[in-house]
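Working notes, beginning with the structure itself.
Residue numbers (the UniProt record's numbering), protein chains in the order written: chain H, 1 to 350; chain C, 1 to 350.
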């Protein structure tokens, strides 16, 4: 330990010189070098740093708990939802900067990583809090975060909306109603729904909203017009092709996700059908790209930045020892009408 | 100070009890509470935390330098480039996770913030390093980072490619050549260029690549077909409309940015011209959306994730006291041929 590294010295000593000494010997470096690596300080060559890190991992070395949390709110995404990430990050950042906290971006690529899992990494950094986006950590993971006093909030989790972890969602059902009512108001009756994964409650809520609006208008739902897929462009393209090839194709499609809507656009383009003249399309999310698609997409806006901000406020409250009330927040969705929906045309004129 | 808060105690004492005492008195709280706020520790109500933070700011309180850096690499974006952010963040994260560092996301909205500037925030957190994307911090900002031993790398800065800060860019000129040669190979001669901001060297390099390919093929550049704009959808739309309204419109357009290309798509759609049958379009960047646009966009791919990784490696090397060699890295761009470009048709057949 060098006298100029009092924090490192204290941390090293807390764990006992022996452990750091063993690591140093295994890595063939000095104890101060191990200390620098442990504390993320400069002055260690990249190769050396990596060798020491690898040995620390092998030996299962843990930093003493007395070290304070890093000034970071960590946001953890699944790979698939990353096209929603920037807006969410912006929202969290707006809250975090008020407390001079950095916002950390982590993308989970499968539950476990080669080497350390995302959870091991988070525990080693000890952020002020964690926001899990579209991914509810497993109960064992939640317990480990709780044991380290790292609060957790989930943003629109795929699981049950009522659970132990505080969470932020959007009014998915209401959004489904608004989208469908808009198409009904334009005179459409043969309305298709390209939904999301059936196991995903947010997708189920959008579908239920669609059915509710159709029922309220007294319009029967043709089961051939109701499809489900993953939230992928390719699934929108496939269902769009199928739907347009039907003897009685739909005149309008409500998609549970903007990427599905862009897939339907491409199916229409390939089939020589015009949007909105021949086919009205409504999406869900309002991705940044929705207004740049041709034509600009009518869609149900999820307030992603506001949802990120709400999750940020919740996790900071938890970090301050306050239990957020309410435990679950659902923010309103709004229908954004652009150029992809039009009044049903008399087919003979089109 | 509580006995369970040795780090806070040490930090507080370093600065002198008086200062923390004054802050505590002004905020109407105890000194341990101020210490908790300073060290980002839980157990302080949100309102109290904010009041203390505000007074710390007013009083210009600075944390002592002896505190080690936070385990974070911070990536700073301008608001305008955020559609490129996720890929860059992924690349940086791939490098950072090898060292168990979080990747921080900061979006600069103008140079100065109400309250603390981005720089003040970064200095208060003391990250392991900073990557500035498309934004070269001012000399005074660079000096303050250097004074705090926080290394800085810029990713494709708008300024001179050769400067003091190590930097990562893409082969913009070569990308311009490849895009233009592809259109020439398809038989196009009336090729328009919708370029980026003239003061932006990356945009200038793409334009120069266009001119070089045209010259090499012995095809004169019609000055009416060369436009410049900001990297906005709206500028692509405007120039696209103008170009298509010419007596002799171009048969192909090379856009210096994918957003410009999407604007040209919309101009073509509105004018009843088909892409690629009536107009071939090439973009630059290869945004995630490029493959979902209708038709899928032929574009010059900037390897954003690889650029992020290279910037991450550079800044970690600097943090370890190693001067990166070379000082400037330009990664290769590649032409991705999709469905928006086609062989020049005999106009009488189209």
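Every residue, glycine too, gets a C-beta built ideally from N, C-alpha and C.
Assigned exposure category for residue 274/C - 16 Cβ within 10 Å defines buried: Counting C-beta atoms within 10 angstroms of its own C-beta, residue 274/C has fewer than 16 neighbours from the protein chains shown and is therefore classed as exposed.
message: Can you give me the C-alpha to C-alpha distance between residue 204/H and residue 178/H, rounded to a whole angstrom?
response: Taking the straight line from one Cα to the other gives about 15 Å.
- request: For the alpha helix (DSSP H) holding residue 211/C, just list the boundary residues, first then last.
  value: Start and end: 201-216.
query: According to DSSP, is residue 72/H helix, strand or coil?
result: strand
- prompt: Should the segment 117-124 of chain C be called in touch with the segment 311-321 of chain C, which here means at least 3 C-beta pairs below 8 Å?
  reply: no
query: If the cut is a Cβ gap below 9 Å, which residues of chain C does residue 300/H touch?
result: By Cβ distance, chain C contributes nothing, its closest Cβ being about 19 Å from residue 300/H, past 9 Å.
Cβ separation of residue 305/H and residue 46/C, assumed to be a contact under 8 Å, to the nearest whole Å: Contact doesn't hold; Cβ gap of about 20 Å is too wide.
query: By the criterion of Cβ-Cβ separation under 7 Å, what are the contact partners of residue 49/C in chain H?
result: 99 and 320
- prompt: In chain order, which continuous runs of the beta strand (DSSP E) of length 3 or greater are located wholly inside the segment 116-140 of chain H?
  reply: 127-133
query: Going along the segment 262-288 of chain H in order, which residues come within less than 9 Å of chain C, judged by CB to CB distance?
result: 262, 263, 265, 266, 268, 269, 270, 287 and 288
field: Own chain residues within Cβ distance below 7 Å of residue 43/H, not counting five before or after
entry: Excluding five sequence positions before and after residue 43/H, the CB atoms of its chain that fall closer than 7 Å to its own CB belong to 36, given in chain order.
query: So, helix, strand or coil for residue 165/C, using DSSP?
result: coil
Cutoff 8 Å; reference residue 78/C; Cβ partners in own chain excluding five residues on either side: In the same chain as residue 78/C, and ignoring 5 residues on each side of it, the C-beta atoms closer than 8 Å to its own belong to 107, 108, 133, 134 and 135, in chain order.
field: Span of the beta strand (DSSP E), counted from its first residue to its last, around residue 298/C
entry: 298-301
Beta-carbon spacing of residue 128/H, residue 70/H below 9 Å: yes
query: Taking all protein chains shown into account, do 16 or more other C-beta atoms lie within 10 angstroms of the C-beta of residue 342/H, making it buried, or fewer, making it exposed?
result: buried
query: Assuming residue 76/H contacts residue 312/H under a Cβ cut-off of 8 Å, what Cβ separation, rounded to an integer in Å, is found between them?
result: In fact, because the Cβ distance is near 14 Å, the residues do not count as touching under 8 Å.
task: Output yes or no for whether 9 Å exceeds the beta carbon distance between residue 300/C and residue 333/C.
output: yes
- prompt: For residue 251/C, which residues of its own chain have a beta-carbon under 6 Å away from its beta-carbon, when the five flanking residues on both sides are left out?
  reply: Taken in chain order, the residues that qualify are 188, 190 and 344.
Coil, strand or helix - residue 155/H by DSSP: strand
field: Backbone CA spacing between residue 195/H and residue 257/H [nearest angstrom]
entry: 8 Å
- prompt: Closer than 8 Å, Cβ to any Cβ of chain C: which residues of the segment 81-93 of chain H, in chain order?
  reply: 82, 83, 85, 86, 89, 90 and 93
query: From residue 100/H to residue 216/H, what does the alpha carbon distance come to, in whole angstroms?
result: Pairing residue 100/H with residue 216/H, the inter-Cα distance amounts to about 49 Å.
- prompt: What three-state label does DSSP hand residue 51/H in the structure shown?
  reply: helix
- prompt: Would residue 34/C count as contacting chain H if we go by Cβ distances under 9 Å?
  reply: no
- prompt: In terms of residue numbering, what span does the beta strand (DSSP E) encompassing residue 252/C cover?
  reply: Taken as a continuous stretch (DSSP letters only), the beta strand (DSSP E) holding residue 252/C covers 252-255.
message: Less than 9 Å between the C-beta atoms of residue 262/H and residue 206/H, yes or no?
response: no
query: By DSSP, does residue 283/C sit in helix, in strand, or in coil?
result: Note: residue 283/C maps to strand in three-state DSSP.
message: Let's test the definition: count the other Cβ atoms within 10 Å of the Cβ of residue 28/C and tell me whether it reaches 16, buried, or not, exposed.
response: It is exposed - the Cβ of residue 28/C has fewer than 16 other Cβ atoms within 10 Å.
C-beta neighbour in chain H for residue 197/C, strict 9 Å: no
- prompt: In three-state terms, what does DSSP make of residue 334/C?
  reply: Here residue 334/C sits in strand by DSSP.
task: Check the Cβ of residue 316/H against every Cβ in chain C and list those closer than 7 Å, keeping chain order.
output: 46
task: Could you check how far apart the C-beta atoms of residue 210/C and residue 176/C are, in whole angstroms? I think they sit under 8 Å.
output: 5 Å
- request: Enumerate in chain order the residues of its own chain whose CB-to-CB distance from residue 72/H is below 8 Å, with the five nearest sequence positions on each side excluded.
  value: Closer than 8 Å at the Cβ level, and outside the excluded window around residue 72/H, lie 101, 102, 103, 104, 125, 127 and 128.
Close Cβ partners of residue 331/C (< 6 Å) along its chain, the five nearest in sequence each way excluded: 170, 303, 306 and 307
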